[in-house]
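S.K.: Below are the C-alpha cells for one structure; questions will follow.
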Amino acid sequence: MQGSKTKSVIQFIILLSIGVLLIWLSLRQVAPEKDNILKAFSEANYFWVFVSLLIAFFSHFLRAYRWNYLLEPLGYKTKLLNANCHVMVGYFANYGIPRMGEITRCTLAAKYDKVPFEVALGTVITERIVDFFIFIIIFVVTLFVQFNELIGLANELIFDKISSSFSGLMNKPILLGLILFFGIGLVAVFFLFRKKIAAKLKGKFGKVILGMLNGLSSVRKTKNPIQFIILSLLIWASYFYSLYFCFFAIDGTSHLGQKECLSLLLFGTLGVIFAPGGLGAYPFILYTILSGTYGVEDAPAFALPWLSWTGQFVLILVLGILSLLILPLYNKNKDVVQ
Numbered sequence: 045m046q047g048s049k050t051k052s053v054i055q056f057i058i059l060l061s062i063g064v065l066l067i068w069l070s071l072r073q074v075a076p077e078k079d080n081i082l083k084a085f086s087e088a089n090y091f092w093v094f095v096s097l098l099i100a101f102f103s104h105f106l107r108a109y110r111w112n113y114l115l116e117p118l119g120y121k122t123k124l125l126n127a128n129c130h131v132m133v134g135y136f137a138n139y140g141i142p143r144m145g146e147i148t149r150c151t152l153a154a155k156y157d158k159v160p161f162e163v164a165l166g167t168v169i170t171e172r173i174v175d176f177f178i179f180i181i182i183f184v185v186t187l188f189v190q191f192n193e194l195i196g197l198a199n200e201l202i203f204d205k206i207s208s209s210f211s212g213l214m215n216k217p218i219l220l221g222l223i224l225f226f227g228i229g230l231v232a233v234f235f236l237f238r239k240k241i242a243a244k245l246k247g248k249f250g251k252v253i254l255g256m257l258n259g260l261s262s263v264r265k266t267k268n269p270i271q272f273i274i275l276s277l278l279i280w281a282s283y284f285y286s287l288y289f290c291f292f293a294i295d296g297t298s299h300l301g302q303k304e305c306l307s308l309l310l311f312g313t314l315g316v317i318f319a320p321g322g323l324g325a326y327p328f329i330l331y332t333i334l335s336g337t338y339g340v341e342d343a344p345a346f347a348l349p350w351l352s353w354t355g356q357f358v359l360i361l362v363l364g365i366l367s368l369l370i371l372p373l374y375n376k377n378k379d380v381v382q
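Under my numbering, the residue at position 326 of the sequence shown is numbered 370, and the numbers go up by one with no gaps.
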C-alpha cells in the first residue's frame with residue numbers, strides 16, 4: 045500500500061514537472077507577443093466562453109445521468125444530485141493526481157449511496173472503455189477529414205525533428221557510435237529473448253482486449269443500451285461544442301470551423317490524459333497546432349487554449365468545492381457509510 049502511494053506521488057511530481065516545463069516552453073515561444081496576448085485576453089468576447097462553460101457543465105451532467113444506466117442492472121442507484129456531485133469531485137481530484145478522480149468518485153458513491161466500491165469502480169472502468177472507443181472513432185473521422193493537415197503536423201513535430209537531429213549526429217561520430225552500439229544491443233537482446241517477450245506481451249495484450257470486450261458487453265445489460273450509446277455520443281458532442289464556441293471568443297480564431305475543432309479535440313484530449321487536468325500539456329498542444337498547422341497568429345493561438353483551459357478549471361474548481369459542501373448537507377438524514 046505504501047509503495048502504491050509512493051508511486052502515485054512520484055508519478056504526480058513527474059507529470060506536474062512536465063506540465064510546468066510545457067508552460068515555460070509556451071511562454072518562451074510567445075514572449076515577443078506578450079502585449080498582443082494581453083490584448084487578445086482583454087478584448088475576448090466572454091459571452092462565448094460562458095456558452096462554452098454551460099455546454100461543459102451539460103457534459104458533466106450527462107456523465108452523471110449516464111452512470112445510473114450501468115449501476116441499475118447491478119441493483120444499485122445513485123440520486124441524480126449525488127451522482128453529479130460525485131462526478132464533479134472526481135474531476136476536481138484529477139487536478140491533483142491523475143486517475144485519483146475515479147477512486148474518489150467511487151468512494152463517495154460507497155459512502156453516500158451505499159454502492160460497493162468494487163461495483164462502482166467496475167462501472168467507471170466500463171465508462172472509460174466506451175469513451176476510449178468513441179475517441180478511436182473521432183480519430184478515424186479526423187484522419188479522413190483532416191488527413192493533409194495531420195500529415196503536415198506529423199512532419200513538423202516528428203519527421204522534421206528526427207531529420208534535423210540525425211543531421212546533427214552525423215557531425216558527432218562518437219555520439220552516433222554510442223547510439224548505434226546501444227541500438228544494436230537492444231535488437232540483440234530482443235532477438236535472444238523474443239519468445240519470452242512475445243509471450244508476456246501476448247498475455248497482457250490479451251487481458252486488456254478481453255477486459256475491453258467484457259466492458260463493452262456489459263452495456264447490453266443496461267436498461268436501454270441505445271439510450272446509453274446516445275448519451276455517450278452526446279457527452280463527446282458537448283466536449284466538441286464546448287471547444288468550438290470558444291473559437292468565437294477571440295477574433296484571431298473565429299474563422300476556424302468544425303474540422304479544425306475536431307483535430308484540436310483529438311489532440312487536446314491526449315493533453316488532458318498526459319498531465320494533471322491537462323496542465324501545460326493541453327494549452328501547449330493546442331497552441332502548436334493552431335500556430336503551426338492552421339496558421340493562426342501567435343497571440344490568439346496562445347490565448348485560445350489558455351482561455352478554454354482556464355474556464356474549464358474554474359468551472360470544475362467551483363463545482364467541485366460546492367459538491368463537497370452539498371453532499372453532507374443533502375444526505376444529512378441518510379445513513380452514511382463512514
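For glycine and all other residues, C-beta sits at the position ideal for the given N, C-alpha and C. It should be emphasised that the depicted structure is a prediction, and the values quoted were computed from it without experimental measurement.
Run the CB neighbour count on Gln356, radius 10 Å, all protein chains shown included, and call it buried at 16 or more, exposed below.
M.R.: Your numbering for residue 356 matches position 312 in the sequence shown. Classification for Gln356: buried.
S.K.: Quick one, are the C-beta atoms of Pro349 and Tyr139 less than 8 Å apart?
M.R.: Taking the sequence shown and counting its residues from 1, one reaches residue 349 at position 305. Taking the sequence shown and counting its residues from 1, one reaches residue 139 at position 95. No, the Cβ-Cβ distance between Pro349 and Tyr139 is not below 8 Å.
S.K.: At what residues does the alpha helix (DSSP H) containing Cys290 begin and finish?
M.R.: Working through the sequence shown from its first residue, we reach residue 290 at position 246. Note, Cys290: premise wrong, no alpha helix (DSSP H); not H, not E.
S.K.: Less than 8 Å between C-beta atoms, sequence neighbours within five positions excluded: which residues of the same chain meet that for Lys378?
M.R.: Mapped onto the sequence shown, residue 378 falls at position 334. The residues are Tyr156.
S.K.: Specify, as a first and last residue, the run of the alpha helix (DSSP H) that Gly322 falls within.
M.R.: As a working note, residue 322 is residue 278 in the sequence shown. Looking at the DSSP string, Gly322 is not in any alpha helix (DSSP H), and its letter there is neither H nor E.
S.K.: Using a threshold of 8 Å, state whether the C-beta atoms of Phe136 and Leu361 are closer than that.
M.R.: Reading the sequence shown from its first residue, position 92 is the one you call residue 136. Reading the sequence shown from its first residue, position 317 is the one you call residue 361. Contact flag set, yes.
S.K.: Three-state secondary structure (DSSP) at Thr384?
M.R.: Examination of residue 384 is not possible in this model, given that the chain is present from 45 through 382 alone.
S.K.: Just to confirm my understanding: we take Met364, look at its own chain, exclude 5 residues before and 5 after, and list those with CB closer than 7 Å. What are they?
M.R.: Residue numbering aside, residue 364 sits at position 320 when the sequence shown is read from its first letter. Residue 364 is actually Gly in this sequence, not Met. The residues are Met132, Val133, Tyr135, Phe136.
S.K.: Quick check: the region 107-124 against the region 302-312, are there 3 or more CB pairs under 8 Å?
M.R.: Not touching, per the Cβ criterion.
S.K.: With distances taken between CB atoms, is the gap from Trp428 to Thr167 smaller than 8 Å?
M.R.: The requested residue 428 does not occur in the structure, where the chain is confined to residues 45 to 382.
S.K.: In whole angstroms, what separates the C-alpha of Lys102 from that of Leu334?
M.R.: By 1-based counting over the sequence shown, the position of residue 102 is 58. By 1-based counting over the sequence shown, the position of residue 334 is 290. A quick correction: the sequence has Phe, not Lys, at residue 102. Rounded to whole angstroms, Phe102 to Leu334 spans 26 Å at the Cα level.
S.K.: When the cut-off is 8 Å and only beta carbons count, does Leu306 lie next to chain B?
M.R.: Protein chains in the displayed structure number just one, and chain B is not present.
S.K.: Ignore the nearest five residues each way along the sequence and tell me which others in Arg149's own chain have a CB closer than 6 Å to its CB.
M.R.: Translated into the one-based positions of the sequence shown, residue 149 becomes position 105. Closer than 6 Å at the Cβ level, and outside the excluded window around Arg149, lie His130, Gly134.
S.K.: How would you call Ile329, buried or exposed, if buried means at least 16 neighbouring beta carbons within 10 angstroms?
M.R.: Your numbering for residue 329 matches position 285 in the sequence shown. By the 10 Å Cβ count, Ile329 comes out buried.
S.K.: Would the beta-carbon of Ala293 fall within 8 Å of that of Ala88?
M.R.: For the purposes of this step, residue 293 is identified with residue 249 of the sequence shown, where counting begins at 1. For the purposes of this step, residue 88 is identified with residue 44 of the sequence shown, where counting begins at 1. Yes, Cβ-Cβ distance for Ala293 and Ala88 is below 8 Å.
S.K.: When the Cα atoms are used, what is the spatial distance from Ile206 to Thr337?
M.R.: Here residue 206 refers to the residue found at position 162 when the sequence shown is read from its first residue. Here residue 337 refers to the residue found at position 293 when the sequence shown is read from its first residue. Per-residue confidence for Ile206 stands at a pLDDT of 49, beneath the threshold of 50, marking its modelled position as unreliable; no derived number is given.
S.K.: Are the beta-carbon atoms of Tyr113 and Phe272 separated by less than 8 Å?
M.R.: One-based indexing of the sequence shown puts residue 113 at position 69. One-based indexing of the sequence shown puts residue 272 at position 228. Yes. Within cutoff.
S.K.: Can you give me the Cβ contacts of Val95 inside the same chain, cut-off strictly under 7 Å, excluding the 5 residues immediately before and after it?
M.R.: Here residue 95 is taken as the residue at index 51 of the sequence shown, counted from 1. Hits under 7 Å: Phe289.
S.K.: Measure from the alpha carbon of Tyr90 to the alpha carbon of each residue in Pro372, Gly322, Ser352, then state which is nearest.
M.R.: Taking the first residue of the sequence shown as position 1, residue 90 is located at position 46. Among Pro372, Gly322, Ser352, the Cα nearest to that of Tyr90 belongs to Ser352.
S.K.: From this set, Phe291, Leu97, Asn126, which residue's C-alpha is nearest Gly376's C-alpha?
M.R.: Here residue 376 refers to the residue found at position 332 of the sequence shown. Reading the sequence as shown, one finds Lys at residue 376 and not Gly. If we check each option's Cα against that of Lys376, Asn126 comes out closest.
S.K.: Check whether the Cβ atoms of Ile279 and Leu98 lie closer than 8 Å to each other.
M.R.: Along the sequence shown, one-based indexing puts residue 279 at 235. Along the sequence shown, one-based indexing puts residue 98 at 54. No; because the gap between Cβ atoms is not below 8 Å, this pair is not in contact.
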